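The numbering used here puts the first residue of the sequence shown at 59, with every later residue one more than the last.
All residues carry an ideal CB built from backbone N, CA and C; glycine is no exception.
These numbers were taken from a predicted model, which means no experiment stands behind them.
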Amino acid sequence: MGFDDKVENTGQNASGKLKEGAGRVTDNERLEAEGRNEQAGAKLKQAGEKIKDAFKS
59 MGFDDKVENT
69 GQNASGKLKE
79 GAGRVTDNER
89 LEAEGRNEQA
99 GAKLKQAGEK
109 IKDAFKS
């Protein structure tokens with residue numbers, strides 16, 4: 059699980075940044091908010107992975 063999940067979370071964060079930027083450029087508030095939500099979700103998942111790693115040590 060560990061490494062693959064971390065890579066997926068990083069990809070989701072990058073995707074969210076792209077969506078947020080595209081939303082800003084096109085003045086699409088929905089797309090911008092969707093990008094921010096994706097980033098927040100990815101950060102929460104990454105925090106969960108860090109907690110799991112802390113208990114594995």
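Item to complete: Would you tell me roughly how many angstroms separate the C-alpha atoms of residue 70 and residue 100, rounded to the nearest one?
Response: Along the sequence shown, read from residue 1 onward, the residue named residue 70 stands at position 12. Along the sequence shown, read from residue 1 onward, the residue named residue 100 stands at position 42. Roughly 6 Å between the two C-alpha positions.
Item to complete: Determine the contact status of residue 64 and residue 104, defining contact as a CB-CB distance below 8 Å.
Response: Counting from 1 along the sequence shown, the entry for residue 64 is found at position 6. Counting from 1 along the sequence shown, the entry for residue 104 is found at position 46. Against a cut-off of 8 Å, the Cβ pair of residue 104 and residue 64 comes out as a contact.
Worksheet item: Which word fits residue 87, buried or exposed, when buried means at least 16 other C-beta atoms lie within 10 angstroms of its C-beta?
Response: Your numbering for residue 87 matches position 29 in the sequence shown. That one is exposed.
Discussion item. For residue 74 and residue 94, which I take to be in contact (beta-carbon distance under 8 Å), what is that distance rounded to the nearest angstrom?
Written reply: Indexing the sequence shown from 1 puts residue 74 at position 16. Indexing the sequence shown from 1 puts residue 94 at position 36. Confirmed, about 7 Å.
Worksheet item: Would you say residue 92 and residue 60 are within 8 Å of each other, going by their C-beta atoms?
Response: Against the sequence shown, residue 92 aligns to sequence position 34. Against the sequence shown, residue 60 aligns to sequence position 2. No, Cβ-Cβ distance for residue 92 and residue 60 is not below 8 Å.
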